[in-house]
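Undergrad: Using our numbering, read the sequence shown as starting at 160 and increasing by one per residue. Here a beta-carbon is modelled for each residue, glycine too, at the ideal position from N, C-alpha and C. Being a predicted model, the structure only gives us computed values, none of them experimental.
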Amino acid sequence: MTDNAKELAALQQEAKTRRDIQAAITAMFAAEDEGLRSALTNAKQAGLPEIQISPIQGKFLQLLATMCNARKILEIGALAGYSGIWLARALPADGRLITLEMNPEHATVVRTSFEKAGVSNRTEVRVGRALDLLPTLESEAPFDLVFIDADKPPYALYLDWALRLTRPGSIIVADNCIREGKAFKQPEDDGVAGIIALNKRMASDPRLVSLVLAMDDDYTDGFAVAVVKQQ
Ligand code: DHB
Ligand code: MG
Numbered sequence: 160m161t162d163n164a165k166e167l168a169a170l171q172q173e174a175k176t177r178r179d180i181q182a183a184i185t186a187m188f189a190a191e192d193e194g195l196r197s198a199l200t201n202a203k204q205a206g207l208p209e210i211q212i213s214p215i216q217g218k219f220l221q222l223l224a225t226m227c228n229a230r231k232i233l234e235i236g237a238l239a240g241y242s243g244i245w246l247a248r249a250l251p252a253d254g255r256l257i258t259l260e261m262n263p264e265h266a267t268v269v270r271t272s273f274e275k276a277g278v279s280n281r282t283e284v285r286v287g288r289a290l291d292l293l294p295t296l297e298s299e300a301p302f303d304l305v306f307i308d309a310d311k312p313p314y315a316l317y318l319d320w321a322l323r324l325t326r327p328g329s330i331i332v333a334d335n336c337i338r339e340g341k342a343f344k345q346p347e348d349d350g351v352a353g354i355i356a357l358n359k360r361m362a363s364d365p366r367l368v369s370l371v372l373a374m375d376d377d378y379t380d381g382f383a384v385a386v387v388k389q390q
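(1) For K218 and A189, what's the separation of their Cα atoms in angstroms?
(2) List the whole-angstrom C-beta distance separating L259 from L292, where the pair is believed to meet the contact cut-off of C-beta under 8 Å.
(3) Which term fits G158, buried or exposed, when burial requires 16 or more other beta carbons within 10 angstroms of its beta carbon?
(4) For A266, which of D253, A247, A252 and G243 has the nearest alpha-carbon?
(5) So for A252, helix, strand or coil by DSSP?
(6) Can you grab the Cα-Cα spacing for the pair A356 / E173, in whole Å?
(7) Using a Cβ-Cβ cutoff of less than 7 Å, which residues in the same chain neighbour I337 once the five nearest sequence positions on both sides are dropped?
(8) By a C-beta neighbour count over all protein chains shown, 10 Å radius and 16 as the cutoff for buried, is T325 buried or exposed?
(9) Does ligand 1 have a heavy atom nearer than 8 Å to the CB of L238?
(10) Would you tell me roughly how many angstroms separate the C-alpha atoms of K275 and M160, rounded to the nearest one?
(11) For a quick check, are the C-beta atoms of D377 and R178 less than 9 Å apart?
(12) Any contact of the segment 244-254 with the segment 220-234, i.e. 3+ C-beta pairs under 8 Å?
(13) Excluding the 5 residues flanking A321 on each side, which residues of the same chain have their C-beta closer than 6 Å to its C-beta?
(14) Answer yes or no: the CB of G353 versus the heavy atoms of ligand 1, is any distance below 8 Å?
(15) Is the CB-CB distance between A300 and L318 below 9 Å?
(16) Within its chain, find whatever has a CB closer than 8 Å to the CB of R255; leave out the 5 residues flanking it on each side and keep chain order.
(17) Mind listing which residues have their beta carbon within less than 6 Å of any non-hydrogen atom of ligand 1? Chain order is fine.
(18) Ignoring anything shorter than 3 residues, give me the beta strand (DSSP E) runs that lie fully in the segment 315-367, in order along the chain.
(19) Give me the residue from E297, K359 and P365 with the minimum Cα distance to A383.
(20) Of the residues A169, A239 and G194, which one's Cα is nearest the Cα of K203?
(21) Given Q389, which residues of its chain have a CB within under 6 Å of its CB, disregarding the five upstream and five downstream residues?
(22) Locate the beta strand (DSSP E) running through I212, then write down its first and last residues.
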């Protein structure tokens, strides 16, 4: 074997080890049930993009929601309803997840998936542009957890709203905050620019303790996680 071929084989082995570990963790701690699986099938049939979080990320959201005794959760960007199901299942019976979705047809798919997953009694899909809907949520604040996973250019504005709509002790999470490292370089488009702006705010805002964690299937993307500090 040439040196290049050896290097390639070693990299492939490393990637396989990583995938095997992720699969083992998923099987032990984050197995999907019928409700979660059918949310993905419904979304695929409806032509939604397959860009949902991984099961491990879903379980991590549940862990965070449980850690802060979440009763009220806000999600910005519903997509397939997959993360919404993980989050809603961390709520007590009288808890509430409000998820914001711009596309009315996608919202219908999400409501069906919430129904099938047995969480429709605790969830509400609100249709519209997030930046229009967020100001209407002030009377329902504070939220115990806010999950940002919507269009990327306004990411820092979503973080501003998350800060307005939370309290000390609340948790704020944003998806896609690594982007294969692009989130730490010069922005190459408006989407990456939005993510960079959010990361910078999360890292420097004195009200927050925060960290970005590589945690998707191949560790090239992940969550920015922050907790709002006690004053
Ligand atoms: C995209 C958006 C996401 O929220 C994601 O998790 C992956 C990809 C996208 O717009 O390409
Ligand atoms: Mg995402």
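TA: Short version:
(1) Within the sequence shown, numbered from 1, the residue matching residue 218 stands at position 59. Within the sequence shown, numbered from 1, the residue matching residue 189 stands at position 30. When rounded, the distance between both Cα atoms is 6 Å.
(2) The residue you call residue 259 lines up with position 100 of the sequence shown. The residue you call residue 292 lines up with position 133 of the sequence shown. So it is a contact: roughly 5 Å between Cβ atoms.
(3) Nothing in the structure corresponds to residue 158, since the chain is present only between 160 and 390.
(4) Counting from one through the sequence shown, the residue named residue 266 turns up at place 107. Selected option, being the one with the closest Cα: G243.
(5) As a working note, residue 252 is residue 93 in the sequence shown. In the structure shown, the three-state DSSP call for A252 is coil.
(6) Here the question's residue 356 lines up with position 197 in the sequence shown. Here the question's residue 173 lines up with position 14 in the sequence shown. When rounded, the distance between both Cα atoms is 32 Å.
(7) Start at 1 with the first residue of the sequence shown, and residue 337 comes out as number 178. Same-chain partners within the cutoff: V371, A373, T379, D380 and G381.
(8) Here residue 325 is taken as the residue at index 166 of the sequence shown, counted from 1. Result: buried.
(9) Walking along the sequence shown from the start, residue 238 turns up at place 79. Under cutoff, so the answer is yes.
(10) Position 116 of the sequence shown, counting from 1, holds the residue named residue 275. Position 1 of the sequence shown, counting from 1, holds the residue named residue 160. Whole-angstrom Cα-Cα distance: 53 Å.
(11) In the sequence shown, the residue the question calls residue 377 occupies position 218. In the sequence shown, the residue the question calls residue 178 occupies position 19. Yes, the pair counts as a contact, with Cβ atoms nearer than the cut-off.
(12) yes
(13) Taking the first residue of the sequence shown as 1, we reach residue 321 at position 162. V305 and I331.
(14) Position 194 of the sequence shown, counted from the first residue, corresponds to residue 353. For G353, the CB stays at least 8 Å from every heavy atom of ligand 1.
(15) Taking the first residue of the sequence shown as position 1, residue 300 is located at position 141. Taking the first residue of the sequence shown as position 1, residue 318 is located at position 159. Contact: no.
(16) In the sequence shown, the residue the question calls residue 255 occupies position 96. Cβ within range, chain order: R230, K231, I232, R281, T282 and E283.
(17) I210, D308, D334 and N335
(18) As far as the segment 315-367 is concerned, its whole beta strand (DSSP E) runs of at least 3 residues are 330-333.
(19) Taking the first residue of the sequence shown as position 1, residue 383 is located at position 224. Looking at the Cα atoms, K359 is the closest of the given residues.
(20) Position 44 of the sequence shown, counted from the start, is the residue given in the question as residue 203. Nearest option by C-alpha distance: A239.
(21) Counted from its first residue, the sequence shown places residue 389 at position 230. P327.
(22) For this step, residue 212 is matched to residue 53 along the sequence shown. Run containing I212: none; DSSP gives neither H nor E here.
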